[in-house]
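Presented below is the structure to which this report refers.
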C-alpha cells in the first residue's frame, strides 16, 4: 500500500456548466480555472499537490449524466453549516444539516444545482 492518500482526483459531471461553476465558487469561496479545449469543458478547483486533499474539476461530458447515487465527494471548509447555507443561496439544497461525526469533526450533505449530492466537512 502506498503512503499517499488513495483519492488523487475527482470529476463532478454537470449539465449546465456555468450554473454549476457559480454554485461551487460561491459555496467554497474559490475560483475555478478553465483548462478545457474545443472538445471539452473542464474547470478545475484550485489545488496544491503539496497540501492535504485531492484536486478535482467540473466536467461537461455528453456521455455522462450527473445526479445522485454515484460517488460522494467531501469538500473541506471552515464551518460546514455556513457552507451549506451558501449552497442554498447559490441554488442548491440541504440534504443533511450539520452533524457531529465524533473526533473527526462535522459534516453536512447538500445537493448542487445539477442534482449531485456532495459532502461538506469541517472540524468546527
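Residue numbers (our numbering): 1078 to 1201. For every residue, glycine included, the Cβ atom is placed at its ideal position computed from N, Cα and C. Just so we're clear, the structure is a prediction, and the values are computed from it rather than from any experiment.
Taking only three categories from DSSP, how would you classify residue i?
| i | result |
| --- | --- |
| residue 1141 | coil |
| residue 1162 | helix |
| residue 1132 | strand |
| residue 1179 | helix |
| residue 1078 | Here residue 1078 scores only 48 on pLDDT, less than 50, and its place in the model should not be relied on; the value that follows carries that caveat. The answer is coil: DSSP assigns residue 1078 none of H, G, I, E or B. |
| residue 1201 | coil |
Going by the DSSP bridge assignment, what does residue i pair with across the sheet?
| i | result |
| --- | --- |
| residue 1188 | 1170 and 1194 |
| residue 1121 | 1110 and 1134 |
| residue 1127 | According to DSSP, residue 1127 bridges with nothing at all. |
Under 8 Å by Cβ, that's how I've got residue i and residue j pegged, so tell me the actual separation to the nearest angstrom.
| i | j | result |
| --- | --- | --- |
| residue 1123 | residue 1107 | 5 Å |
| residue 1141 | residue 1090 | 4 Å |
| residue 1073 | residue 1086 | With the chain covering 1078 to 1201 only, the question about residue 1073 has no answer from this structure. |
| residue 1104 | residue 1160 | 5 Å |
| residue 1174 | residue 1134 | Between residue 1134 and residue 1174 the Cβ distance is about 28 Å, and since that is not below 8 Å, they are no contact. |
May I have a chain-ordered list of the alpha helix (DSSP H) segments no shorter than 4 residues that lie completely inside the segment 1085-1118?
Runs found: 1094-1105.
Examine the Cβ distances between the segment 1188-1196 and the segment 1148-1155 and report whether three or more of them are shorter than 8 Å.
As far as the Cβ criterion goes, the segment 1188-1196 touches the segment 1148-1155, which means the pair count is three or higher.
Does the segment 1167-1177 come close enough to the segment 1093-1109 that 3 or more CB-CB pairs lie under 8 Å?
A contact is defined here as three or more CB-CB pairs under 8 Å, and the segment 1093-1109 meets this definition with respect to the segment 1167-1177.
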